[in-house]
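Okay, so here's the structure we're looking at.
Numbering (my numbering), first residue to last: 1 to 256.
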């Protein structure tokens, strides 16, 4: 597949990002609704007997270094890792790049709709959970100290978690587009992301569950390209040649 025009792709990706950021900010100011939804989600998790988010956070809080690393991972890995994933696909696997970009666009659009319909305060802001806002206490953080007045980010957009949804798509995309026997190790990225978003109390377990469900729907709608020598990264010239013409059964004796 021919590589899409670079300028068009840059404008498309940047445009989607701007629309998403603007859409997230439209959901700000719904503080009471966000906290009411947070209590509902917390109750749902207890009804489902999901492990408490505090179990993960307790491990992080045992070490100032560990919790600082978790906050740094949350603040700095999300966008660069996804951008690097798209750039690599664009340069090395153009067909997979188009597929992955469509998946991410669908997932992000569905998440934006979810944030508008179901504003949700993260567990770090929910009183009575015993959870610590690790970003504010230990740093670094990407959020303001007063969520309702935060003009740079919508802190009431916890469900679904795009941190986890994007990380899972990065892993699935790299596993699909490559042939290494070690490619399953890419799943460590969403696993680590899940532990970080829960341990820092920025997300509930259900935020990741909903993100996974939306990603599965997007993957069902947009199918990956068929694996060929080109899409799998192997040049056709490197493919083993077929049997010599004189050895093909249908041509035996053809020259007689």
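C-beta atoms are modelled at their ideal positions from N, C-alpha and C, and glycine is treated no differently. Remember, it's a predicted structure, so these values are computed and weren't measured experimentally.
Query                                                                                                     : Result
Neighbourhood of residue 140 by C-beta, 7 Å cutoff - its chain only, sequence neighbours within 5 removed : 71, 72, 75
Alpha helix (DSSP H) segment containing residue 124, residue limits                                       : No alpha helix (DSSP H) holds residue 124; DSSP gives it neither H nor E.
Nearest candidate by alpha-carbon position, reference residue 114, set 8, 11, 211                         : 211
Beta carbon of residue 169 nearer than 7 Å to that of residue 116                                         : no
Proximity to residue 89 [Cα-Cα], best of 40, 120, 177, 111                                                : 177
Where residue 201 sits in the DSSP three-state scheme                                                     : coil
Beta-carbon proximity check, residue 34 vs residue 164, cutoff 7 Å                                        : no
Counted within 10 angstroms of its Cβ, other Cβ atoms place residue 39 as buried (16 or more) or exposed  : exposed
Exposed unless 16 or more other CB atoms sit within 10 angstroms - verdict on residue 96                  : buried
Burial state of residue 274, where buried means 16 or more other Cβ atoms lie within 10 Å                 : This structure cannot settle anything about residue 274, because the visible part of the chain is limited to 1 through 256.
Residue 153 - DSSP class collapsed to helix/strand/coil                                                   : coil
Residues near residue 195 in its chain [Cβ-Cβ closer than 7 Å; skip 5 each side]                          : 56
For residue 73, the three-state DSSP class (helix, strand or coil)                                        : helix
Helix, strand or coil at residue 15 [DSSP, three-state]                                                   : helix
Among 214, 203, 2, the one whose alpha carbon lies nearest that of residue 111                            : 214
Cβ contact (3+ pairs, closer than 8 Å) linking the segment 182-190 and the segment 57-68                  : no
Touching by the beta-carbon criterion (3+ pairs, under 8 Å), the segment 6-13 and the segment 127-139     : no
Buried versus exposed, by CB contacts within 10 Å (16 or more), residue 249                               : Reliability fails at residue 249, whose pLDDT of 45 lies under 50, so the model's placement of it is uncertain and the value that follows must be treated cautiously. Residue 249 comes out exposed.
Residue 1 vs residue 94 beta-carbon contact at 7 Å                                                        : yes
Proximity below 7 Å, CB of residue 50 to CB of residue 205                                                : yes
For residue 225, the three-state DSSP class (helix, strand or coil)                                       : coil
For residue 109, the three-state DSSP class (helix, strand or coil)                                       : helix
Per-residue DSSP class, three states only, for residue 145                                                : coil
Backbone secondary structure at residue 166 - three-state DSSP                                            : helix
Distance, residue 199 Cα to residue 32 Cα                                                                 : 25 Å
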